[in-house]
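Participant: For reference, the structure I am asking about is given below.
Protein chains in written order, with the working numbering: chain A, 1 to 345; chain B, 346 to 934.
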């Protein structure tokens with residue numbers, strides 16, 4: 001008799017457990033949108049994703065999203081920032097914009113296009129820093145942070161601060177991404193001038209840095225030993241360190257410039273529900289945690305779920321650019337930077 | 346009565362037939378002109394409009410209200426453009442000299458001498474065609490970097506006091522020269538193969554040495570092919586982005602293409618200025634093309650007539666091992682070393698190489714880059730798309746180029762000069778900028794061209810039309826009219842004459858031109874950048890993505906995949922064309 005009761009209890013507990021186990025994913029999925037949205041997104045089955053980030057990095061994001069929602073295929077078009085904007089503008093003008101999500105690193109370039117986007121906010125909208133947004137329609141899907149990296153095989157006396165990078169002993173050992181390359185680099189040079197001093201560029205230019213069109217080839221050159229050190233976006237170099245490359249990365253004490261992306265859903269999106277679900281997932285705690293841990297991003301959430309390796313929030317000061325200045329100063333300051341570095345007269 | 350009527354009726358029928366033929370010819374010319382207008386003139390006008398305004402014509406509408414030459418003035422007063430132009434002319438000029446020296450030597454070795462393993466050398470001399478410029482650039486940065494280059498590491502290991510630096514203009518000239526020699530080779534080899542030997546024999550009977558014969562008879566006779574090859578290689582170098590992008594960037598050496606790419610890549614992008622730079626480049630090239638036509642026109646280069654002949658082989662004696670050695674050296678420099686460099690980079694986990702010992706440390710090698718590129722679904726898609734676009738481009742573009750070439754060189758229809766001019770126009774418009782012009786021009790076309798592989802194919806056909814037509818013209822110039830006239834005398838119609846006489850005789854040229862077009866289409870990067878969409882990503886775009894994504898390992902791994910694929914495809918085409926060449930020789934005999 002006792003045995004029977006025990007068996008019954010076990011069975012009931014099992015059923016209850018199973019019910020909880022079955023309900024859990026459904027509950028968890030609520031985090032990413034209503035069941036209607038999820039059903040509608042699954043019915044659409046795909047979305048077209050335009051991004052200015054690197055295809056390789058975004059492929060990892062898509063794979064992680066597909067672990068959660070395998071039914072939705074994400075087709076990606078990746079182009080460097082300037083080219084992506086031209087494409088979006090031209091396609092939209094011709095009525096042929098096929099993007100369901102546009103994701104861009106330069107918020108200033110996205111600002112004139114705001115009217116092209118539909119109203120959208122993720123379920124956790126209130127958790128985001130308002131200063132990371134330029135419009136309530138556009139969201140900081142990715143937030144990138146600058147760091148300093150060096151090749152441990154080549155640098156025996158490593159730099160410890162931004163100012164160290166200007167030391168004469170590092171002459172011809174440093175690399176830099178040039179100012180004109182896009183929103184993230186513009187944020188860095190703005191930080192250098194506003195925080196590190198008016199003459200910082202000049203001092204740095206005196207060490208004859210090799211100039212790169214973007215952070216990714218510079219990160220690769222650093223691994224190879226073509227340059228020994230320099231400022232790099234953490235997410236451009238972190239994956240290489242993780243794979244075992246002879247690289248060390250640190251967040252300098254003077255502060256680290258941060259560049260939030262700007263992502264939205266065009267009014268013309270053919271797969272608006274899939275687009276919403278994708279952005280909801282990217283902006284959720286799960287999505288942001290993935291990007292921080294695996295890709296080396298930061299987040300624009302008010303409370304970060306985790307921090308990238310080596311990032312101590314008590315020590316490291318993050319620096320967000322003032323958006324008005326970000327737009328206003330761009331032209332004249334970049335021209336001055338070009339002059340200082342002899343990049344383009 | 347009836348006896349009288351018949352000749353009259355015959356005459357009337359003949360005039361009717363003549364008129365009928367006239368109408369047909371006019372329709373033919375008009376349809377070719379219409380195709381060329383769509384493919385060439387319209388995008389070029391869009392480009393010109395772009396250069397003369399500061400707006401995006403699709404967004405702001407095609408308006409002539411704000412025309413100004415500000416962009417040209419900005420560009421012309423910018424010393425960086427002058428410097429880029431100077432670097433371009435040095436790199437392409439120097440490169441062309443090397444290319445002609447190598448290409449001509451090889452075609453002579455392969456076609457006219459008894460050098461051992463000739464087939465092998467023939468294959469080696471077109472090998473660089475497999476390598477997309479970006480791949481070549483990447484390979485030579487691995488080999489020739491002043492700091493980390495494998496060549497320098499090996500020199501150090503061998504205790505040699507030598508040092509190379511490919512991040513320099515001489516480095517650029519060298520790489521250009523060795524990679525674009527096949528263009529000269531392809532034209533000159535087919536001209537030599539089709540040449541009747543009796544003039545050379547006459548020279549020798551008159552007592553000229555083999556060397557003197559070569560320079561006073563053989564090379565002057567194939568001058569159109571030499572000039573075509575030379576001009577084409579120069580023009581192709583003008584438009585190359587990958588090699589100067591990789592080798593020039595570390596020391597900030599700009600050529601016009603890298604400068605244009607920078608303009609389009611800046612944030613915000615400066616397309617209108619880029620369009621102005623492109624138009625300056627077009628003017629330079631236009632002048633070159635004009636010069637070439639002045640050189641070639643007014644002379645007869647007919648070397649294939651209706652008589653039987655067999656190309657002869659010169660017995661080099663022991664010197665044939667020298668020519669063989671020359672072939673092997675070229676093979677090592679142009680194929681073996683770069684491939685080894687790519688293999689090292691593709692299989693090595695990281696490219697930090699402390700010394701020669703670490704180069705041979707097998708623990709450093711793995712398949713991780715290959716796993717990771719094939720994990721990416723875009724990789725297989727891009728291969729499939731590139732091959733499909735390549736085939737469409739080669740077939741449609743080859744057919745169009747044949748129609749144009751035949752009309753220009755074998756008929757006297759009015760309007761053929763305009764056709765010649767229009768088909769030559771795209772000659773050196775840098776792909777990066779014309780890509781945007783194609784997008785501007787064609788995106789609005791109803792029927793959903795945008796987003797398909799066809800829009801890419803159309804862009805490639807337009808962009809490489811001059812190359813293909815030039816490649817074919819050489820074959821047309823060599824076929825004597827007497828062969829066609831003979832067919833007409835026998836009452837054969839024009840289409841049948843083309844099919845039974847011209848096409849078989851020109852087939853090595855046609856297949857060579859289609860192969861060239863296929864390769865160019867697969868490698869083309871610039872004009873694809875704006876025309877591909879999520880479904881139509883092609884290999885070259887993905888390769889740039891891997892490169893820009895900063896992963897030399899994956900870039901090298903994908904480069905190897907691409908190289909092998911192109912090698913297999915071109916090998917097949919070459920085998921086909923050799924069959925065709927032998928076939929045509931047999932038929933003329």
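A virtual CB, placed ideally from N, CA and C, is assigned to each residue, including glycine. Computed from a predicted model, the values in this text were never measured in an experiment.
Grouping DSSP H, G and I as helix and E and B as strand, with all else coil, what is residue 31 (chain A)?
Facilitator: coil
Participant: Would you say the region 371–385 of chain B touches the region 800–819 of chain B, given that touching needs at least three Cβ pairs under 8 Å?
Facilitator: Touching, yes.
Participant: Quick one: which chain A residues come within Cβ less than 9 Å of residue 796 (chain B)?
Facilitator: 96, 98
Participant: The alpha helix (DSSP H) with residue 250 (chain A) in it runs from where to where?
Facilitator: Taken as a continuous stretch (DSSP letters only), residue 250 (chain A) belongs to no alpha helix (DSSP H), being part of the beta strand (DSSP E) at 247–250.
Participant: At the 8 Å Cβ level, is residue 141 (chain A) part of the contact set with chain B, yes or no?
Facilitator: no
Participant: Under a three-way DSSP split, which group does residue 572 (chain B) fall into?
Facilitator: Helix, per DSSP.
Participant: Hey, would you say residue 247 (chain A) sits closer than 8 Å to residue 223 (chain A), going by beta carbons?
Facilitator: Cβ atoms of residue 247 (chain A) and residue 223 (chain A): closer than 8 Å.
Participant: What separation, rounded to the nearest whole angstrom, lies between the Cα atoms of residue 585 (chain B) and residue 517 (chain B)?
Facilitator: 11 Å
Participant: Under three-state DSSP, which class holds residue 578 (chain B)?
Facilitator: helix
Participant: Going by beta-carbon coordinates alone, are residue 302 (chain A) and residue 255 (chain A) separated by less than 8 Å?
Facilitator: no
Participant: Checking contacts by CB at 8 Å: is residue 869 (chain B) closer than that to chain A?
Facilitator: no
Participant: Quick one: which unbroken alpha helix (DSSP H) runs of 4-plus residues sit fully inside the region 303–338 of chain A? Chain order, please.
Facilitator: With a minimum length of 4 residues, the continuous alpha helix (DSSP H) runs that stay inside the region 303–338 of chain A are 323–328.
Participant: Using a 10 Å radius around the Cβ and a threshold of 16 neighbouring Cβ atoms, would you call residue 157 (chain A) buried or exposed?
Facilitator: Looking at its Cβ environment, which holds fewer than 16 other Cβ atoms inside 10 Å, residue 157 (chain A) is exposed.
Participant: What is the rounded straight-line gap between the Cα of residue 52 (chain A) and the Cα of residue 628 (chain B)?
Facilitator: Rounded to the nearest angstrom, the gap between the Cα atoms of residue 52 (chain A) and residue 628 (chain B) is 34 Å.
Participant: What first and last residue would you give for the alpha helix (DSSP H) that runs through residue 139 (chain A)?
Facilitator: Looking at the DSSP string, residue 139 (chain A) is not in any alpha helix (DSSP H), and its letter there is neither H nor E.
Participant: Looking at residue 142 (chain A): is its Cβ nearer than 8 Å to the Cβ of residue 297 (chain A)?
Facilitator: yes
Participant: Any chance you could list the alpha helix (DSSP H) runs of at least 4 consecutive residues sitting entirely within the region 695–758 of chain B, in chain order?
Facilitator: 701–704, 713–720, 722–755
Participant: Return the CA-CA distance between residue 87 (chain A) and residue 376 (chain B), expressed in angstroms with no decimal places.
Facilitator: One Cα belongs to residue 87 (chain A), the other to residue 376 (chain B), and the distance between them is close to 32 Å.
Participant: Answer yes or no: does any C-beta atom of chain B fall closer than 8 Å to that of residue 78 (chain A)?
Facilitator: yes
Participant: Can you find a CB in chain A that lies within less than 8 Å of the CB of residue 611 (chain B)?
Facilitator: yes
Participant: Beta strand (DSSP E) containing residue 257 (chain A): first to last residue?
Facilitator: 256–260
Participant: Just to make sure I have the definition right: I need the residues of chain B whose C-beta is within less than 8 Å of the C-beta of residue 231 (chain A). Which are they?
Facilitator: Those within 8 Å of residue 231 (chain A) in chain B number zero; the least Cβ separation is about 15 Å.
Participant: Going residue by residue through the region 526–555 of chain B, where are the continuous alpha helix (DSSP H) segments of at least 4 residues, counting only ones entirely within it?
Facilitator: 543–550
Participant: Report yes or no: do the region 69–86 of chain A and the region 104–112 of chain A share at least 3 C-beta pairs separated by less than 8 Å?
Facilitator: They touch, by the three-pair rule.
Participant: Mapping the DSSP letters down to three states, classify residue 389 (chain B) as helix, strand or coil.
Facilitator: helix
Participant: Any chance the region 586–601 of chain B sits against the region 366–376 of chain B, with 3 or more Cβ pairs inside 8 Å?
Facilitator: no
Participant: Quick one: is residue 161 (chain A) buried, meaning 16 or more other Cβ sit within 10 Å of its Cβ, or exposed?
Facilitator: By the 10 Å Cβ count, residue 161 (chain A) comes out exposed.
Participant: Below 8 Å on the Cβ atoms is my guess for residue 780 (chain B) versus residue 865 (chain B); work out the distance and round it to an integer in Å.
Facilitator: Not confirmed; about 15 Å, so no contact.
Participant: Determine the DSSP secondary structure at residue 122 (chain A), reduced to helix, strand or coil.
Facilitator: Here residue 122 (chain A) sits in coil by DSSP.
Participant: Is residue 880 (chain B) close to chain A, meaning its C-beta is less than 8 Å from at least one C-beta of that chain?
Facilitator: yes
Participant: I'd like to know whether the C-beta atoms of residue 176 (chain A) and residue 136 (chain A) end up nearer to each other than 8 Å.
Facilitator: No, the Cβ-Cβ distance between residue 176 (chain A) and residue 136 (chain A) is not below 8 Å.
Participant: Does residue 219 (chain A) come within less than 8 Å of chain B when only Cβ atoms are used?
Facilitator: It does: the Cβ of residue 219 (chain A) has a partner Cβ on chain B nearer than 8 Å.
Participant: Quick one: is residue 681 (chain B) buried, meaning 16 or more other Cβ sit within 10 Å of its Cβ, or exposed?
Facilitator: exposed
Participant: Does residue 699 (chain B) have its Cβ less than 8 Å from a Cβ in chain A?
Facilitator: Yes, residue 699 (chain B) counts as interfacial toward chain A.
Participant: Any beta-carbon of chain B closer than 8 Å to the one on residue 87 (chain A)?
Facilitator: yes
Participant: In chain order, what residues of the same chain lie with their CB nearer than 7 Å to the CB of residue 181 (chain A), ignoring the 5 residues before and after it?
Facilitator: Beyond the five residues adjoining it in sequence on each side, residue 181 (chain A) comes within less than 7 Å, by CB distance, of 213, 214 in the same chain, given in chain order.
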